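See structure below.
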Amino acid sequence: MSKYIEKDADNIHEIIPQIKKRFSPRAFENKPVEKEKLFRIFEAARWSPSARNVQPWRFLVGIKGENKVYDRIFDSLVEWNQNWNNNTPVLVAIIAKTTDDKERNHATHDYDTGIAVAQMTFQLTELGLHAHQMGGFEEVILREYFKISNEYKPIAIMAIGYKGSLDDLPEDYHEAELEQRTRRDFEEIVFWEGWLEK
Ligand SMILES: Cc1cc2nc3c(=O)[nH]c(=O)nc-3n(C[C@H](O)[C@H](O)[C@H](O)COP(=O)(O)O)c2cc1C
Numbered sequence: 000m001s002k003y004i005e006k007d008a009d010n011i012h013e014i015i016p017q018i019k020k021r022f023s024p025r026a027f028e029n030k031p032v033e034k035e036k037l038f039r040i041f042e043a044a045r046w047s048p049s050a051r052n053v054q055p056w057r058f059l060v061g062i063k064g065e066n067k068v069y070d071r072i073f074d075s076l077v078e079w080n081q082n083w084n085n086n087t088p089v090l091v092a093i094i095a096k097t098t099d100d101k102e103r104n105h106a107t108h109d110y111d112t113g114i115a116v117a118q119m120t121f122q123l124t125e126l127g128l129h130a131h132q133m134g135g136f137e138e139v140i141l142r143e144y145f146k147i148s149n150e151y152k153p154i155a156i157m158a159i160g161y162k163g164s165l166d167d168l169p170e171d172y173h174e175a176e177l178e179q180r181t182r183r184d185f186e187e188i189v190f191w192e193g194w195l196e197k
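With the first letter of the sequence shown counted as 1, position 72 gets the number 71 in numbering that gives the first Met the number 0; the numbers rise by one all the way through.
In structure tokens, the structure reads:
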């Protein structure tokens, strides 16, 4: 049996492999991600749809050992997230511009950015990589380190790398890593006959 954890979606209807195979590990291999792959991941984000084609997504890319960007993004994570990111080779701060090019409020900045990030996750899965998004970070710290103005909104941090094994992860996190992935039933999220509030 492979020491790598498999957590394929237990889907009831057929889906594309990039969605079936995607999951958010905490165990990452201590191995760099090829630059060419990173370019392809951000290219997937670039071609994402957005309201009025404003393209509000911005990505601050930290590569472990290359410069201070990685260390600063890492510092902004809450301790609980820092502790499982011991091996993560790439940390990306996902930031949305809240205004368009004419300084008008862009109401869908976070929605648009979320779509772009979803496209990234499918592309990186196709490249044999995994990602884990984190809302657990200190926005104030990130803003201060990188001098991010109020026109921009830090949304999340994304860990990207090659999936690891339990040996790559502190013991406190093993149980969660082995836990089955669950989803709400279809009936709870899809409505065919009017809005059926429960
Ligand atoms: C916006 C967002 C914030 C998240 N924040 C955290 C986090 O701070 N720490 C963490 O370990 N996981 C975090 N997650 C991961 C989710 O817990 C995970 O995606 C969810 O349990 C579903 O699992 P799956 O991605 O493997 O399908 C976050 C995911 C998203 C999309």
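Cβ atoms here follow ideal geometry from the backbone N, Cα and C, with glycine treated the same way. Predicted model only: the values in this text are computed from it and were never measured.
Three-way DSSP call (helix, strand, coil) for residue i in this model
| i | result |
| --- | --- |
| Gln132 | strand |
| Gly61 | strand |
| Thr124 | helix |
| Thr98 | strand |
| Gly160 | strand |
| Val139 | helix |
| Ile72 | helix |
| Asn10 | coil |
| Phe27 | strand |
| Leu168 | coil |
| Leu90 | strand |
| Trp83 | helix |
| Asn260 | The structure shown does not extend to residue 260, since the chain is modelled only from 0 through 197, so no value can be given for it. |
| Lys36 | helix |
| Asn149 | coil |
| Ile154 | strand |
Buried versus exposed call for residue i [16 or more other C-beta atoms within 10 Å across all chains shown]
| i | result |
| --- | --- |
| Tyr161 | buried |
| Leu9 | In the sequence on display, residue 9 carries Asp and not Leu. By the neighbour-count rule (16 or more Cβ atoms within 10 Å), Asp9 is not buried but exposed. |
| Arg103 | exposed |
| Gly134 | exposed |
Cα-Cα separation, residue i to residue j
| i | j | result |
| --- | --- | --- |
| Ile4 | Gly163 | 8 Å |
| Glu28 | Tyr110 | 31 Å |
| Glu125 | Lys152 | 29 Å |
| Ile94 | Leu177 | 31 Å |
| Glu138 | Val91 | 14 Å |
| Pro48 | Lys2 | 38 Å |
| Gly193 | Phe185 | 15 Å |
| Ala158 | Thr98 | 26 Å |
CA nearest to the CA of residue i, picked from the options
| i | options | result |
| --- | --- | --- |
| Lys36 | Gly127, Ile147 and Ile15 | Gly127 |
| Lys63 | Asp74, Pro55 and Gln54 | Asp74 |
| Leu123 | His12, Arg182 and Gln17 | Gln17 |
| Glu33 | Trp56, Arg57, Ser49 and Val89 | Val89 |
| Asp167 | Gly193, Val77, Pro24 and Arg71 | Pro24 |
| Lys19 | Lys30, Asp7 and Ala26 | Asp7 |
Can you find at least 3 beta carbon pairs, one from the region 182 to 190 and one from the region 113 to 126, that sit closer than 8 Å? With fewer than three CB-CB distances shorter than 8 Å, the region 182 to 190 does not count as touching the region 113 to 126.
So, do the region 139 to 152 and the region 78 to 85 have three or more beta carbon pairs nearer to each other than 8 Å? Counting Cβ pairs under 8 Å, fewer than three are found: no touch.
For the region 168 to 175 against the region 70 to 84, do three or more pairs of beta-carbon atoms, one drawn from each stretch, fall closer than 8 Å, so that the two count as touching? Judged by Cβ distances under 8 Å, the region 168 to 175 makes contact with the region 70 to 84, as three or more pairs qualify.
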